Amino acid sequence: MGRLNHDSRIHHFSHPHPLELSNNNLQSLSPHTTPCSACKLQSSGWIYSCKPCNFTLHLSCSQLPSLINHPGHPIHLLTLLPTPAYPGGAFNCDGCGSDGHGFSYHCNKCGFDVHATCAQNPLSLAHQSHPHNLHLTFHPPYHTKGFSCDICQKIGSNHWLYRCGPCEFDAHLECAMSANVMPRGQTQAQAQAQARFQQCLNFPGTNHQYQQHENRVLPPSMQRNNGTTGVVDVLVQGFLDGAAHPSFVQSSMGDGSSNNGDSFAAADSSYSLDL
62 MGRLNHDSRI
72 HHFSHPHPLE
82 LSNNNLQSLS
92 PHTTPCSACK
102 LQSSGWIYSC
112 KPCNFTLHLS
122 CSQLPSLINH
132 PGHPIHLLTL
142 LPTPAYPGGA
152 FNCDGCGSDG
162 HGFSYHCNKC
172 GFDVHATCAQ
182 NPLSLAHQSH
192 PHNLHLTFHP
202 PYHTKGFSCD
212 ICQKIGSNHW
222 LYRCGPCEFD
232 AHLECAMSAN
242 VMPRGQTQAQ
252 AQAQARFQQC
262 LNFPGTNHQY
272 QQHENRVLPP
282 SMQRNNGTTG
292 VVDVLVQGFL
302 DGAAHPSFVQ
312 SSMGDGSSNN
322 GDSFAAADSS
332 YSLDL
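Going left to right, the sequence shown walks through residues 62 to 336 as the numbering used here numbers them.
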C-alpha cells in the first residue's frame, strides 16, 4: 500500500505501553471487540492498540489536541484528559448532558467537562427537517432552561442544542446529527462520493492534522477563513460536482459492491489536509 505517513508504533500519553497500528475491519469484529478508549465507540478501521492491555484508540482519537479553545467555554482553555478528573471515574458532559468514562476536555478552574466527541461537533449543519442551517447553541434561550425538540418531539434539557433562531426551531444534538443529515443542495450521489472521499482522507497514506497556532487549537469549523482550508474546500467541491454523475462515482470510487465495511469515527471530519 506504499509508505505510511503515520507511525506504525506510537507512545501516547494516555497509556504506558507502545501502541501498534493495525486495520480492524468490520468483518473481523465481534461483540467482544474492545471499543476505542477515547470515544468508547466501535474500534473499526485504522487503530492503535496495546493488545495485552486491551487498549485501543482510533487513528483520529490518537491525534486529538491536548489543548483547545472552544466557544462552549470561551473563558478558559480546555485540557484533554484520558480519564475523568473525578474519584468516581465518570463525568457529566456539559455539552450533551450524558455521563462519560472516556476522553474528555476539562476546565479545572470551572469544573467544566465535555466529551471529546462533543467538542468536535460542527458549529453549523443542515438537516432535511428544516429549510435553514441549524447552529450549535450552548444554552437554550428560554426561561424554562429547556426546549422541545422539533425533530423527535421530546423534551430537551439545559444543554447544547442545534437551533434556527429566526424560526425557533430546536433540536437535540443527536437528532440534528442523525443519519438523515445531508448538506443543503447536495444530491445523494454527491453525498455518497463525499463519504468515500472522506474515507480516502482517513487512510494512513494521507496527512491530516489540527491546525495549531501558539499551541492553541480552535475547532476546525471556526477556521473557515483560513486560506488552506479554502483551497481544500475548492478541491472537495470540485470532486463533489463531478460526483453528480453516477459514472464518475463508479469509475473513481467503485460502485460500492467491494466496500470492505470500514467505519470511521465522525470526528475524522474535523481534520484538514496538510497542503
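A virtual CB, placed ideally from N, CA and C, is assigned to each residue, including glycine. Remember, predicted model here, so these are calculated numbers, not experimental data.
| Asked | Found |
| --- | --- |
| Cβ neighbours of LEU210 in the same chain (closer than 7 Å, five flanking residues each side left out) | The sequence shown places Cys at residue 210, not Leu. Once the five neighbours on either side are set aside, the close Cβ partners of CYS210 are GLY217, ASP231, ALA232, HIS233 and CYS236. |
| Three CB pairs or more closer than 8 Å across the region 193 to 200 and the region 217 to 229 | yes |
| Exposed unless 16 or more other CB atoms sit within 10 angstroms - verdict on GLN214 | exposed |
| Residue from HIS200, PRO132 and SER75 whose Cα sits closest to the Cα of CYS122 | SER75 |
| Stretch-stretch touch, CB-based, cutoff 8 Å, three pairs: the region 66 to 85 with the region 100 to 110 | yes |
| Cβ shell of ASN169 (< 8 Å), same chain only, five flanking positions each side left out | THR140 and ALA146 |
| One or two residues paired with ASN116 in a DSSP bridge | Reading off the sequence shown, one finds Phe at residue 116, where the question assumed Asn. PHE116 is bridged to CYS111. |
| CYS225 - containing beta strand (DSSP E), residue span | 222 to 225 |
| Complete alpha helix (DSSP H) runs within the region 161 to 248 (minimum length 4 residues, chain order) | 234 to 237 |
| LEU118 versus LYS101 - alpha carbon distance | 9 Å |
| Whole-angstrom C-beta distance between ALA177 and PHE164, which should lie under 8 Å | 4 Å |
| Rounded straight-line distance, which links the Cα of CYS171 to that of GLU81 | 36 Å |
| Beta-carbon proximity check, LEU138 vs LEU128, cutoff 9 Å | yes |
| Under 9 Å between C-beta atoms of GLY133 and VAL175 | yes |
| Inter-residue spacing [alpha-carbon to alpha-carbon] between ASP155 and CYS114 | 30 Å |
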